[in-house]
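If you read the sequence shown in my numbering, its first letter stands for residue 2, the second for the next number, and so on. Notes follow the structure.
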Amino acid sequence: MADPVLAKLMHDYGPRRAPMERIVMTDLYLTAFNTAKLKTGERLAVLACGHTVKTKALNRCACDLCHEMIVNGEDYDAFRNRVN
């Protein structure tokens, strides 16, 4: 069940921070085929939440897609726990 109160708070107040996720692996295939679009040191990484992001980080990075889910009032907990 989505939490509209949390979504409203994140939408209305202060600097919004995206949830930090653990980097599970680097997607070498996508990184190799998108080198022209990546800056020096950047790579495409798969996060623990399942999203793929462009990052320079080694261990953890913010997931903007998860943040957008929370702000829009979608059921982030069900997505994160893989509930259908």
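Every residue gets a Cβ at the ideal spot worked out from N, C-alpha and C, and that includes glycine.
- Under the DSSP assignment, Leu66 falls outside any beta strand (DSSP E), being part of the alpha helix (DSSP H) whose first and last residues are 65-72.
- If you look at Ala33, you'll find it in the alpha helix (DSSP H) that goes 29-34.
- Counting the other Cβ atoms within 10 Å of the Cβ of Ala33 gives fewer than 16, which makes it exposed.
- Annotated as distal: Val25 and Ala58, with beta-carbon spacing of 9 angstroms or more.
- Here DSSP, grouped into helix, strand and coil, assigns Arg18 to coil.
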